[in-house]
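See below for the structure under consideration.
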Amino acid sequence: MPATIIVGTQWGDEGKGRVVDFFAAQADVVARFNGGDNAGHTVVAEGHTLALHLIPSGILYPQALCLIGGGTVVNPLRLLEELAMLDAAGIPAGSDRLKIAAAAHIILPTHRALDGASEAQRGSQAIGTTKRGIGPTYADKARRIGLRAAQMRDPEQFAGAVRDLVATHNLWLKELYDLPPQDAGAIVDQLRAAAEKLAPYLVDGTAVIGQALANGAHLLCEGAQGALLDLDHGTYPFVTSSPPIAGGALTGLGFGPKEVTRVVGVTKAYTTRVGAGAFPTELLEATGERLRDVGHEYGVTTGRPRRCGWLDAVILRYTAQINGLTEVALTKLDVLSGLPELKIAVAYDLHGERREHFPVEWGNDTLAACKPVYETLPGWDADLTGIRARDALPAAARAYVDRIETLMGVPVTFIGVGPEREAMIIGR
Ligand code: IMP
3 MPATIIVGTQ WGDEGKGRVV DFFAAQADVV ARFNGGDNAG HTVVAEGHTL ALHLIPSGIL
63 YPQALCLIGG GTVVNPLRLL EELAMLDAAG IPAGSDRLKI AAAAHIILPT HRALDGASEA
123 QRGSQAIGTT KRGIGPTYAD KARRIGLRAA QMRDPEQFAG AVRDLVATHN LWLKELYDLP
183 PQDAGAIVDQ LRAAAEKLAP YLVDGTAVIG QALANGAHLL CEGAQGALLD LDHGTYPFVT
243 SSPPIAGGAL TGLGFGPKEV TRVVGVTKAY TTRVGAGAFP TELLEATGER LRDVGHEYGV
303 TTGRPRRCGW LDAVILRYTA QINGLTEVAL TKLDVLSGLP ELKIAVAYDL HGERREHFPV
363 EWGNDTLAAC KPVYETLPGW DADLTGIRAR DALPAAARAY VDRIETLMGV PVTFIGVGPE
423 REAMIIGR
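In terms of the numbering used here, the sequence shown opens at residue 3 and continues consecutively.
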């Protein structure tokens with residue numbers, strides 16, 4: 003039975019939570035495959051507004067088993083906070099409902115300190131990370147000195163491994179950044195206690211996935227961040243340290259491409275970015291501010307205002323390719339209501355030459371030199387929030403959606419028309 007992968011097609015914050023929420027209602031297993039608590043989305047459940055960062059949003063659906071997959075990085079202290087938040091909201095999230103893959107890597111407070119120190123040292127070249135320790139944790143994984151969730155099985159041994167790694171990190175903090183050491187004793191105690199609480203959640207992640215697929219279960223793979231933050235195919239170095247693209251679901255969870263039946267690319271009806279790096283269609287004037295205000299474009303994890311701009315079809319064609327999208331979920335179409343006209347970048351002008359392919363491999367300077375070639379479409383003024391059929395959209399909104407489909411070469415099968423859970427047009 004099928005695996006469905008949900009990914010972001012821009013720089014993250016496309017509104018994946020809503021789309022995942024929709025699919026999770028039918029899923030047997032919902033798994034996060036990349037990143038850590040750098041992600042975040044707000045869900046409203048049982049009258050509570052909850053900000054989930056690491057726990058898959060399937061946790062809101064009692065039939066779904068949730069897995070924090072092997073490709074992720076887990077901050078045990080933050081995970082316990084998230085579990086406490088769910089508990090306070092009366093949402094069951096015990097070890098019968100939530101599993102942590104033993105292969106996931108562990109974020110320590112010193113990883114966070116190193117993230118902040120490295121950003122400060124980069125000065126004007128800072129990446130604008132979420133400072134959650136994501137990069138340093140994946141770096142330790144690649145260096146093969148990282149801690150795996152499996153080690154929490156034995157809290158005493160884990161405490162010893164934490165002590166050793168903290169000692170290494172403290173050395174780096176001193177030698178590389180001239181910073182004081184973190185309190186190793188306190189960290190070890192905190193992490194030992196966390197391991198005791200989290201040990202019952204540990205599983206062999208690939209066994210859970212393999213069993214689920216063999217049983218014909220519906221596996222929903224919940225991507226975090228967006229394709230342009232991919233370590234390999236994103237806007238390097240202004241990227242995250244994991245693969246948020248569809249291939250990341252396969253490596254992060256441990257199954258093959260033949261299981262995948264749907265790859266849903268969540269696409270915001272305009273473009274936003276947090277953190278640094280080139281952004282060809284960025285709007286630095288009133289229209290950008292309007293998009294930020296109307297679209298509430300502020301980070302769930304860091305509260306930072308997001309940079310806003312027109313839709314960029316050069317990006318979307320590229321991210322449709324690298325993800326192998328089978329369909330698009332278009333979000334926040336309603337935010338564009340009231341704008342007299344809309345622009346979509348259909349190509350770039352790079353030093354007088356027309357570019358159709360996103361020239362990301364040539365680096366940030368090349369991207370910064372790209373001038374968007376815009377197509378202008380008429381806007382619409384109607385309130386879209388009550389509309390539930392594509393045919394009922396104003397003609398100009400329909401034309402905008404149709405144009406996106408043509409430019410991406412992928413059908414749009416969901417359209418978000420408002421902040422409410424039900425404010426979606428489903429199907430074509
Ligand atoms: P890191 O993932 O914290 O290392 O940050 C690296 C880059 O990814 C920065 O530009 C962050 O702003 C961006 N980033 C990380 N997570 C998210 C997310 O969930 N949404 C949007 N941007 C993100």
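Quick reminder that beta carbons are idealized off the backbone N, C-alpha and C, glycines included.
Checklist entry - Once you ignore the five residues that flank residue 37 on each side, which residues in its own chain have a CB closer than 6 Å to its CB? => result One-based indexing of the sequence shown puts residue 37 at position 35. Around residue 37: 226, 227, 244.
Item to check | Assumed close pair residue 429, residue 408 - CB separation to whole angstroms, cut-off 8 Å | outcome: Numbered from 1 along the sequence shown, position 427 holds the residue referred to as residue 429. Numbered from 1 along the sequence shown, position 406 holds the residue referred to as residue 408. The Cβ separation is near 18 Å, so there is no contact.
Checklist entry - Where are the alpha helix (DSSP H) runs, 4 residues long or more, that stay fully inside the region 256-287, in chain order? => result none
Checklist entry - If you compare alpha carbons, which of 35, 204, 397 is closest to residue 101? => result Along the sequence shown, read from residue 1 onward, the residue named residue 101 stands at position 99. Checking every option, the nearest Cα to that of residue 101 belongs to 204.
Next on the checklist: Helix, strand or coil, according to DSSP, for residue 74 in the structure here?
Outcome noted: To locate residue 74, count along the sequence shown from 1; it is residue 72. Three-state DSSP puts residue 74 in a strand.
Item to check | Below-8 Å beta-carbon distance, residue 66 vs any chain D residue | outcome: The chain labelled as chain D is not found in the depicted structure, where only one protein chain is given.
Checklist entry - In chain order, what residues have a CB nearer than 5 Å to some heavy atom of ligand 1? => result 14, 15, 40, 41, 130, 131, 132, 136, 137, 227, 231, 242, 276, 277
Checklist entry - Terminal residues of the continuous beta strand (DSSP E) containing residue 50? => result Here residue 50 refers to the residue found at position 48 when the sequence shown is read from its first residue. Here the beta strand (DSSP E) through residue 50 covers 50-54.
Item to check | Own chain, CB closer than 8 Å to residue 106, minus 5 neighbours either side, in chain order | outcome: As a working mapping, residue 106 is identified with position 104 in the sequence shown. Taken in chain order, the residues that qualify are 70, 71, 72, 73, 74, 75, 76, 150, 151, 207.
Next on the checklist: According to DSSP, residue 457 sits in a beta bridge with which residue or residues?
Outcome noted: As shown, the chain starts at 3 and ends at 430. That puts residue 457 outside it, with no answer to give.
Checklist entry - By Cβ distance, which residues of its chain are closer than 6 Å to residue 112, with the 5 residues on each side in sequence left out? => result Taking the sequence shown and counting its residues from 1, one reaches residue 112 at position 110. Around residue 112: 168, 171, 184.
Checklist entry - Just to confirm, are residue 114 and residue 160 a CB contact at a threshold of 8 Å? => result Here residue 114 refers to the residue found at position 112 when the sequence shown is read from its first residue. Here residue 160 refers to the residue found at position 158 when the sequence shown is read from its first residue. No. Outside cutoff.
Next on the checklist: Considering only their Cβ atoms, is the gap separating residue 293 from residue 272 smaller than 8 Å?
Outcome noted: To locate residue 272, count along the sequence shown from 1; it is residue 270. To locate residue 293, count along the sequence shown from 1; it is residue 291. Yes, Cβ-Cβ distance for residue 272 and residue 293 is below 8 Å.
Next on the checklist: Please classify residue 182 as buried or exposed, where buried requires at least 16 neighbouring CB atoms within 10 angstroms.
Outcome noted: In the sequence shown, residue 182 corresponds to position 180, counting from 1. The residue in question, residue 182, is exposed, as its Cβ has fewer than 16 Cβ neighbours within 10 Å.
Item to check | Best match in 136, 199, 44 for proximity to residue 157 [C-alpha to C-alpha] | outcome: For this step, residue 157 is matched to residue 155 along the sequence shown. Ranking the options by Cα distance to residue 157, first place goes to 199.
Checklist entry - What are the start and end residues of the alpha helix (DSSP H) that includes residue 161? => result Within the sequence shown, the letter at position 159 stands for residue 161. Looking at the DSSP string, the run of the alpha helix (DSSP H) that includes residue 161 is 157-179.
Item to check | Whole-angstrom C-beta distance between residue 386 and residue 336, which should lie under 8 Å | outcome: The residue you call residue 336 lines up with position 334 of the sequence shown. The residue you call residue 386 lines up with position 384 of the sequence shown. So it is a contact: roughly 4 Å between Cβ atoms.
Checklist entry - Does the pairing of the region 300-313 with the region 251-262 give three or more beta-carbon distances under 8 Å? => result no
Item to check | Continuous beta strand (DSSP E) assignments of at least 3 residues falling wholly in the region 354-406 | outcome: 355-357, 372-380
Item to check | Straight-line Cα distance separating residue 90 from residue 67 | outcome: The residue given as residue 67 occupies position 65 in the sequence shown. The residue given as residue 90 occupies position 88 in the sequence shown. Looking at the two C-alpha atoms, the distance is approximately 20 Å.
Checklist entry - Between the Cα of residue 248 and the Cα atoms of 23, 239, 324, which residue gives the shortest distance? => result Sequence index remark: in the sequence shown, residue 248 carries index 246 (1-based). Selected option, being the one with the closest Cα: 324.
Checklist entry - Between the C-alpha atoms of residue 257 and residue 211, what's the straight-line distance to the nearest angstrom? => result Stepping through the sequence shown from its first residue, residue 257 is reached at position 255. Stepping through the sequence shown from its first residue, residue 211 is reached at position 209. Spanning the two alpha carbons is a distance of roughly 7 Å.
Checklist entry - Just to confirm, are residue 278 and residue 129 a CB contact at a threshold of 8 Å? => result Here residue 278 refers to the residue found at position 276 of the sequence shown. Here residue 129 refers to the residue found at position 127 of the sequence shown. Cβ distance < 8 Å, so residue 278 and residue 129 count as in contact.
Checklist entry - Which residue's Cα is closest to the Cα of residue 267: 5, 16, 4? => result For the purposes of this step, residue 267 is identified with residue 265 of the sequence shown, where counting begins at 1. It is 16.
Next on the checklist: Using CA atoms only, rank isn't needed, just tell me which of 44, 39, 4 is closest to residue 21.
Outcome noted: Working through the sequence shown from its first residue, we reach residue 21 at position 19. When each option's Cα is compared against that of residue 21, the closest is 44.
Item to check | Range of the contiguous alpha helix (DSSP H) that encloses residue 118 | outcome: Start at 1 with the first residue of the sequence shown, and residue 118 comes out as number 116. Looking at the DSSP string, the run of the alpha helix (DSSP H) that includes residue 118 is 111-124.
Checklist entry - Quick one: what does DSSP say residue 428 is sitting in, helix, strand or coil? => result Position 426 of the sequence shown, counted from the start, is the residue given in the question as residue 428. Strand, per DSSP.
Next on the checklist: Quick check: residue 276 and residue 301, are their CB atoms within less than 8 Å of each other?
Outcome noted: Residue 276 sits at position 274 when you count from the first residue of the sequence shown. Residue 301 sits at position 299 when you count from the first residue of the sequence shown. Cβ distance < 8 Å, so residue 276 and residue 301 count as in contact.
Next on the checklist: Run through the DSSP bridge pairs and tell me what residue 100 is partnered with.
Outcome noted: Within the sequence shown, numbered from 1, the residue matching residue 100 stands at position 98. DSSP lists 68 as partners of residue 100.
Item to check | Residues of its chain near residue 234, where Cβ-Cβ distance is below 8 Å and the 5 sequence neighbours each way are ignored | outcome: Along the sequence shown, one-based indexing puts residue 234 at 232. For residue 234, where only same-chain residues beyond five positions count, the Cβ hits under 8 Å are 245.
Item to check | residue 149, DSSP secondary structure in three states | outcome: Counting from one through the sequence shown, the residue named residue 149 turns up at place 147. Note: residue 149 maps to coil in three-state DSSP.
Checklist entry - residue 222 lies in the beta strand (DSSP E); which residues open and close that run? => result Taking the first residue of the sequence shown as 1, we reach residue 222 at position 220. Unbroken beta strand (DSSP E) run through residue 222: 221-224.
Checklist entry - So the beta strand (DSSP E) residue 8 belongs to, where does it begin and stop? => result Working through the sequence shown from its first residue, we reach residue 8 at position 6. Here the beta strand (DSSP E) through residue 8 covers 5-10.
Item to check | CA nearest to the CA of residue 373, picked from 104, 281, 405 | outcome: To locate residue 373, count along the sequence shown from 1; it is residue 371. Of the listed residues, the one whose Cα sits closest to residue 373 is 281.
Next on the checklist: When you compare the CB positions of residue 262 and residue 7, do they come within less than 8 Å of one another, or not?
Outcome noted: As a first step, residue 262 is located in the sequence shown; it is residue number 260 there, counting from the start. As a first step, residue 7 is located in the sequence shown; it is residue number 5 there, counting from the start. Against a cut-off of 8 Å, the Cβ pair of residue 7 and residue 262 comes out as a contact.
Item to check | Extent of the continuous beta strand (DSSP E) to which residue 198 belongs | outcome: By 1-based counting over the sequence shown, the position of residue 198 is 196. Run containing residue 198: none in the beta strand (DSSP E); it sits in the alpha helix (DSSP H), 186-200.
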